[in-house]
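Report on the following structure.
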Amino acid sequence: MMSNLKTLEPKEAFKKHLIDYLVNRQLDLIKSTIQLLCFFMISAWLIIAGCLFKESGVIGQTLHTVFIVEIILFVVFSYFLLRDFFALLAVNRQIITTIEHG
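With my numbering, you'll find the sequence shown wraps up at 241, consecutive numbering, no jumps.
Here you go:
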């Protein structure tokens, strides 16, 4: 990749570098979204298991505690995912403006 950048004009190399950065950030965001959805699916199964075993003493109490912890983790992970998403939107605007103007 570096050899390709060396053969380009500095302006074109900069544009290519910005586009590569943008694509990599979008792929990271997609990966984070998939991880969050997987976490949500696991949480859903544990919620179902907690409801089924609610009356069974220790198992039900343990699943209830796990459920509370998972809700907290889900909120925290969602916050970080949304923060990354809005940061990526800001970077996208800056990159597009940079490419259009110069």
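Each residue gets a CB set at the ideal place from its N, CA and C atoms; glycine is no exception.
Just so it is clear, the structure is predicted and the values come from calculations on it, not from any experiment.
Identity of the residue in the options nearest residue i by Cα
i: residue 162; options: 228, 175, 205; result: 228
i: residue 175; options: 200, 219, 157; result: 219
i: residue 168; options: 180, 151, 231, 191; result: 231
i: residue 212; options: 151, 177, 165; result: 177
Residue i vs residue j beta-carbon contact at 8 Å
i: residue 182; j: residue 209; result: yes
Chain-order list of residues whose beta-carbon lies under 6 Å from that of residue i (same chain, five-residue window excluded)
i: residue 204; result: none
Whole-number beta carbon distance between residue j and residue i, since they are thought to touch under 8 Å
i: residue 238; j: residue 154; result: 5 Å
i: residue 166; j: residue 234; result: Rounded, the Cβ-Cβ distance is 15 Å, inconsistent with contact.
Cβ-heavy atom distance, residue i to the ligand ATP, below 7 Å
i: residue 171; result: Questions concerning the ligand ATP fall outside what the structure shown contains, since it holds no ligand whatsoever.
Contacts around residue i, its chain only, beta-carbon distance under 8 Å, and the 5 residues preceding and following it disregarded
i: residue 206; result: 182, 185, 186, 189
i: residue 217; result: 175
Counted within 10 angstroms of its Cβ, other Cβ atoms place residue i as buried (16 or more) or exposed
i: residue 140; result: In this predicted model, residue 140 has a pLDDT of only 49, less than 50, meaning its place in the structure is not dependable; the value taken from the coordinates is given anyway. The residue is exposed, with fewer than 16 neighbouring Cβ atoms inside 10 Å.
Own chain partners of residue i with C-beta closer than 7 Å, once the 5 adjacent residues on each side are dropped
i: residue 223; result: 168, 171
i: residue 164; result: 227, 230
i: residue 180; result: none
Chain C contact for residue i (CB, 8 Å cutoff)
i: residue 213; result: Although the question refers to chain C, the structure presented lacks it and comprises just one protein chain.
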